[in-house]
Amino acid sequence: MEGPNGKVKNLKRAIFRAGSSLWKMLPIILGTILLVSLVNVLVPRNFYLSLFRGNLFLDSLIGGLVGSILVGNPVMSYILGGEFLERGVSLVAVTSFILAWVTVGVVQLPAEATILGKKFAIIRNVISFILAIGGAILTVLVLNLVGGM
């Protein structure tokens, strides 16, 4: 049975590990915020509105393609997704972008194919892409049904 000293020790260790992880991620988070700020200044709002026209299927496809190419870690996708929503990009496009961002990996496909096999890597990425688009469409349809939008 663990006493109060053991629990305090575990709590201190957990806090230290969480702080250490946050400290390691800080440069990535700051870099992403700076990059997003730069893109917000350089890319006009009407570019996003011309790219994403509010079509449920086309927006999810474009969002999925962009997310598949610009692979990254989930925390960064939330920051980018929030910025896209503020720019007027549809929820289905942002949802598809986030899902593809974390599940599809066009950039790391050669490494994945080398380690896990070419056939497996391609099939996994294709299935992940299809599921990202389907998941985004389903999410938006369900939100519309329950009145969440």
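By the working numbering, the letter at position 116 of the sequence shown is numbered 100, and the numbering carries on one by one without gaps. Each residue gets a CB set at the ideal place from its N, CA and C atoms; glycine is no exception.
Could you spell out where the alpha helix (DSSP H) holding residue i opens and where it closes?
i    : result
N128 : K102 to V130
Could you check what DSSP says for residue i in three-state terms: helix, strand or coil?
i      : result
F81    : helix
N39    : coil
S4     : helix
N57    : coil
S34    : helix
P28    : coil
S74    : coil
V(-8)  : helix
V50    : helix
M(-15) : Summary for M(-15): the model assigns pLDDT 48, below 50, so the residue's position carries little reliability, and this model does not support an answer.
V86    : helix
R(-3)  : helix
Can you give me the Cβ contacts of residue i inside the same chain, cut-off strictly under 6 angstroms, excluding the 5 residues immediately before and after it?
i    : result
V55  : G89 and V91
P58  : V86
V124 : L75 and V76
Among residues of its own chain, excluding the 5 on either side of residue i, which ones have a beta-carbon nearer than 8 angstroms to its beta-carbon?
i    : result
L93  : A105, I106 and N109
F68  : Y32, A77, V78 and F81
I53  : V90 and V91
K102 : none
Discussion item. Three Cβ pairs or more, each shorter than 8 angstroms: is that satisfied between the stretch 95 to 106 and the stretch 61 to 75?
Written reply: no
Fill in: At least 3 beta-carbon pairs within less than 8 angstroms: the stretch 37 to 51 vs the stretch -5 to 11
no
Discussion item. Check whether the stretch 35 to 45 and the stretch 62 to 81 are in contact - that is, three or more C-beta pairs closer than 8 angstroms.
Written reply: yes
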